[in-house]
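Under my numbering, the first residue of the sequence shown is numbered 1, with each subsequent residue one higher. Beta carbons: idealized from backbone N, C-alpha and C, even for Gly. Take a look at the structure below.
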Amino acid sequence: MSDTSGGDMAPLRIPTRDAELVRGMRIRRALPNRGKRLIGAWCFLDHVGPVDVSEGDGLTVGPHPHTGLQTFTWMIEGEILHRDSLGYEQLIRPGQVNLMTAGRGIAHSETSPAQRPSHMHVAQLWIALPDAMRNMDPAFEHYPDLPRMQHGGLNLTLLAGDLLSERSPVRVHSPLLGVDISAPAAARTELRLRPEFEYGVLVLQGEMQVAGETLAPGTLLDLGRGRDHLPLAAAAPARCLLLGGAPFGEEVLLWWNFVGRTREEIASYTADWQAGRRFGTVPGGMQPLAAPAVPDGLRASA
Ligand code: MN
C-alpha cells in the first residue's frame, strides 16, 4: 500500500547502513545514504541504540574536529557528557538537545559519564550550514526544554522549526523541521506538512504506519516534497523522528567529520587538525582522533 498524498513521489524505503560508532557499538546510519544525501539541510543521521553502556567505559568518542555544520544531539535515554574547545562541558539528559555550531572550526569529545543509566538511546544529526554562514564563529547551546504538544494521541516534541503554532528555540540557519513523535499507545492522526519542504521519517522504537508504509527501526522513509499532510498511525507504543526542510540547493562534501565544498578545503581542514591549528583544544586529557587520509577523487554532490 502506498500513499502519495499529493507528493512528487511515492514514499521510498531506504535501508539504514550498519556502522560502528566506537569499537563494538553498532549503530544505524540513515544519512547520508546512497538513495538520499540530504533532507533539507539535515545531512547526517545516526540512530544509536538503545544500547547497554553499563560495562567498561561506555561511549568514548575522543576529541575530533568539525567544520561547516551544526551537530544536533537528541537524547532519548541515558546521558552523554559533551566537552568542546570553547570550554563548554555539558551533560545531556533525555528530552534535551545539544546544538554545537562548528562554523569555521570546533573540536569536541563525547563520553559516557562515570555514573550513568545502563542504556543509551540517541539520535545524532548534522545540519549543513549554508554557504553564507559556514565560516561563522563556533558556538555551543544546550536546550533543556523543547516545546511539547499532544496531537491525535501522539506526543510531539518540537526539535527544530515550527509546528502547530509552536516554535523550537533551537537556533538553525535554514528552513528546517525536526519533530520527535511518540505514541504512548495506539493512535492515528495526520500532521500538516509544507509542500515546499522535503521530508523523511525514521522510526526509533516499535512500529508505525507512515504515509501508508509500515516502518520499524532500520528503514528511512523518503517522502520527497509536495505533500501537504502526513498520515501517521501506531497500534502499540512507538516513536519516530520526522525531519523536513527546504531543499538545501547547495552541493556539499562530507568527509570524516567535516562538511565543505571542495577537496582542497577538506584537505586543509585535515592538515590543520593534524597540525593542531584552527580547532583549539578539548579539555579532559583524552587522546585526539587521527584524521583519515583524504582520497584523491573526493568530490561534492547534491
Ligand atoms: Mn562530533
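In this structure, Leu158 sits away from Arg171, with a CB-CB distance that is not shorter than 9 Å.
Comparing alpha carbon positions, the residue from Gly226, Leu242 and Phe197 closest to Val210 is Leu242. Between the stretch 65-74 and the stretch 101-119, the count of C-beta pairs closer than 8 Å reaches three or more; the two stretches touch. A direct Cα-Cα distance of roughly 43 Å separates Pro138 from Ala235.
Between the ligand MN and Val201, a heavy atom-to-CB distance of less than 8 Å is absent. Contact fails between the stretch 149-165 and the stretch 50-62, because fewer than three Cβ pairs, one in each stretch, are under 8 Å apart. Distance from the CA atom of Pro169 to the CA atom of Thr270, rounded to whole angstroms, is 33 Å. With respect to Ala123, Glu198 sits apart: the two C-beta atoms are not nearer than 9 Å. Per DSSP, the continuous alpha helix (DSSP H) segment holding Gln274 begins and ends at Arg263 to Ala275.
Following the DSSP letters along the chain, one finds Leu154 inside the beta strand (DSSP E) bounded by residues Leu154 to Ala160. In the DSSP secondary-structure assignment, Met208 is bridged to Leu215.
Annotation: the continuous beta strand (DSSP E) that includes Asn98 extends over Val97 to Thr101. In the three-state scheme derived from DSSP, where H, G and I count as helix and E and B as strand, Glu89 is classed as strand.
Distance from the CA of Gln96 to the CA of Glu77, rounded to the nearest whole angstrom, comes to 10 Å. Just measuring C-alpha positions, the residue of Pro283, Gly212, Leu177 and Asn257 sitting nearest Gly244 is Leu177. Those residues that bring their Cβ nearer than 6 Å to a heavy atom of the ligand MN are His64, His66, Thr71, His108 and Asn257. Less than 9 Å separates the beta-carbon of Arg192 from that of His229. Of Gly284, Pro288 and Ala291, the smallest CA-CA separation from Glu89 is found for Gly284. In the structure shown, the three-state DSSP call for Asp8 is coil.
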